[in-house]
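Participant: Quick one: structure below, then a few questions.
In the working numbering, the protein residues as written are 74 to 470.
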């Protein structure tokens with residue numbers, strides 16, 4: 074594809090100026106080069122084995138029934154994984170590292186976990202963890218930041234499963250996989266994030282934001298972990314806090330600070346979890362309100378890179394809203410501060426010979442929804458995935 078860069082936003086700061094370098098259509102159904110319908114749901118950079126706060130140049134993306142591993146420096150896809158079950162659709166993925174190897178887990182509509190070791194080019198384990206017979210799927214996955222082999226799965230019916238994946242070291246990959254315990258938010262889970270400062274799992278749900286307190290340290294990861302729940306009260310559009318709005322994205326920024334996006338609010342709230350818990354209150358008081366799109370679309374997930382101090386979220390026009398968290402004004406305990414995006418990266422003009430050749434509609438005919446954004450720890454790359462089967466790689470100028 075040939076890319077024509079549109080003029081940058083006039084407020085763009087040079088240190089956060091990015092160019093679109095590779096826009097890939099790599100999750101197509103039946104390898105259709107003009108497939109503009111497959112949704113790519115998630116993307117995440119591989120953690121560095123020597124320092125998991127940093128990232129490598131490899132990014133994983135999932136959509137349809139495939140997972141792609143892409144080198145952002147070259148745009149080359151060294152590895153692609155397909156689910157054997159053609160009914161599978163991947164919605165979630167997560168990386169983990171034991172200090173020697175990195176592994177990726179992915180899951181979706183079939184409620185099956187697929188474990189992949191990209192360095193060896195193999196998928197070494199699959200397990201269906203569905204415990205309820207009615208239709209549900211995996212919406213979110215993450216690994217406990219202090220226990221590399223403790224996997225947390227969030228389901229569409231509100232289930233949270235805590236899984237011990239064992240010690241999958243090559244070449245044997247002895248998993249000893251075990252679903253240690255399951256509990257429920259009683260509301261569909263869309264996003265999860267874990268705050269290691271407060272040892273709390275945060276879940277963005279259909280009826281608001283819930284937190285789950287974990288013990289620290291976790292003495293034994295082979296047996297059920299005692300957890301307690303807490304329901305947080307976020308600002309609502311109606312002003313009625315008794316009915317909480319849908320939270321479609323939550324991310325821990327660092328040092329107890331959390332970013333939360335409520336559907337249809339046109340803003341991303343930054344708030345201090347540590348201070349909220351210390352006040353013995355569940356009322357969230359935002360310290361900063363990041364101005365964002367007034368879209369009426371849902372499920373555009375926040376991307377955060379704490380090491381780089383960046384937060385990014387796309388909208389339904391293909392635009393990336395990038396915020397430099399290092400430049401935030403000091404917070405005022407009496408009021409929240411409105412913050413505009415540091416940089417806006419508009420969707421570039423794309424010459425798509427594949428859709429033209431097959432006489433299909435252009436990707437710009439309908440809304441271009443940025444489903445998820447990932448950022449590299451060195452600030453050099455931004456990866457965005459879309460509802461029209463695009464993986465978009467931006468490189469810092």
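Note that CB positions come from ideal geometry on N, CA and C, so glycine has one too.
Nothing here was measured: the structure is a model prediction, and the numbers come from that model.
1) Quick one: any contact between the region 152-164 and the region 117-127, if contact means 3 or more CB pairs under 8 Å?
2) To the nearest angstrom, report how far apart residue 182 and residue 210 are at their CA atoms.
3) Whose C-beta lies closer than 6 Å to the C-beta of residue 256 among residues of the same chain, with five residues either side of it excluded?
4) Given this structure, state the Cα-to-Cα distance separating residue 38 from residue 389, to the nearest angstrom.
5) Going by CA-CA distance only, name the one from 290, 289, 288, 261 that's closest to residue 276.
6) Go through its chain and collect everything with a Cβ distance to residue 310's Cβ below 7 Å, but skip five positions before and after it.
7) Please state if the CB of residue 97 and the CB of residue 392 are separated by a distance shorter than 9 Å.
8) Rounded to whole angstroms, what's the CA-CA distance from residue 192 to residue 175? Just pull it up for me.
9) To the nearest angstrom, report how far apart residue 197 and residue 361 are at their CA atoms.
10) With distances taken between CB atoms, is the gap from residue 236 to residue 166 smaller than 9 Å?
11) Give the single residue among 465, 469, 380 whose Cα lies nearest to the Cα of residue 99.
12) With a threshold of 7 Å on Cβ separation, who are the neighbours of residue 420 within its own chain once the five nearest residues in sequence on each side are excluded?
13) Determine the direct distance from the alpha carbon of residue 340 to that of residue 372, and round the result to whole angstroms.
14) How do the region 441-452 and the region 102-119 stand: do at least 3 beta-carbon pairs fall below 8 Å, yes or no?
15) Hey, out of 417, 264, 363, whose CA is closest to residue 411's CA?
16) With distances taken from CA atoms, which of 221, 202, 195 is nearest residue 245?
Facilitator: Quick answer:
1) Not touching, per the Cβ criterion.
2) So the two alpha carbons sit approximately 4 Å from each other.
3) Counting only Cβ-Cβ distances below 6 Å, and skipping sequence neighbours, we find 233.
4) Shown here, the chain extends from 74 to 470; a query on residue 38 therefore has no answer.
5) Distances from the alpha-carbon of residue 276 to those of 290, 289, 288, 261 put 261 closest.
6) Result list for residue 310: 318, 337, 338, in chain order.
7) Going by C-beta atoms, residue 392 is not nearer than 9 Å to residue 97.
8) If you take the alpha carbons of residue 192 and residue 175, they lie about 8 Å apart.
9) Between the C-alpha atoms of residue 197 and residue 361 there is a straight-line separation of about 44 Å.
10) No.
11) Just measuring C-alpha positions, the residue of 465, 469, 380 sitting nearest residue 99 is 465.
12) Within the same chain, residue 420 has close Cβ partners 390, 391, 392, 441.
13) So the two alpha carbons sit approximately 13 Å from each other.
14) A contact is defined here as three or more CB-CB pairs under 8 Å, and the region 441-452 meets this definition with respect to the region 102-119.
15) The shortest C-alpha separation from residue 411 is found at 363.
16) The shortest Cα separation from residue 245 among 221, 202, 195 belongs to 195.
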